[in-house]
Amino acid sequence: MISEIEDKRFHYNMGDSKVFPPQENSYCKYCEYMSICPLWAHLKFDDEVVAGELGEKTIKGLVDEYVQFAKQESEAKGQKESLKEILVDYLEKK
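Below is the structure:
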């Protein structure tokens, strides 16, 4: 096991960053390397403005809007399934 870690460390030092892929866990919020971690890179782009079909918006604004639509979509799917179950139950009784 130690030789495996040493081998991975060697490859990492030679430039192969995929040897130690980042893994999110409950200790991430305490990590001193969060500022350079690829898992948290999106936090650096909060105030960056991008232009697109929806106009000029910040990355944070786009992410918030996306999350809102994803939540609405999830709720709509749940309601759709509930309606489907009611209709199937009704038709099975007929």
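Under my numbering, the residues of the sequence shown are numbered 520 to 613, in order.
Glycine included, each C-beta is placed from N, C-alpha and C at the ideal position.
Note that the structure is predicted; figures quoted are calculated from it, not measured.
- Counting only residues of its own chain and dropping the five nearest sequence neighbours on each side, V538 has a CB closer than 6 Å to the CB of K527, H530 and Y531.
- By the CB criterion at 8 Å, V568 and K579 fall outside the cutoff.
- P541 is a Cβ neighbour of L558, given a cutoff of 8 Å.
- In the DSSP annotation of this structure, K599 is not part of any beta strand (DSSP E); the continuous alpha helix (DSSP H) holding it starts and ends at I578 to K612.
- DSSP places E551 outside both helix and strand once states are collapsed to three, so it counts as coil.
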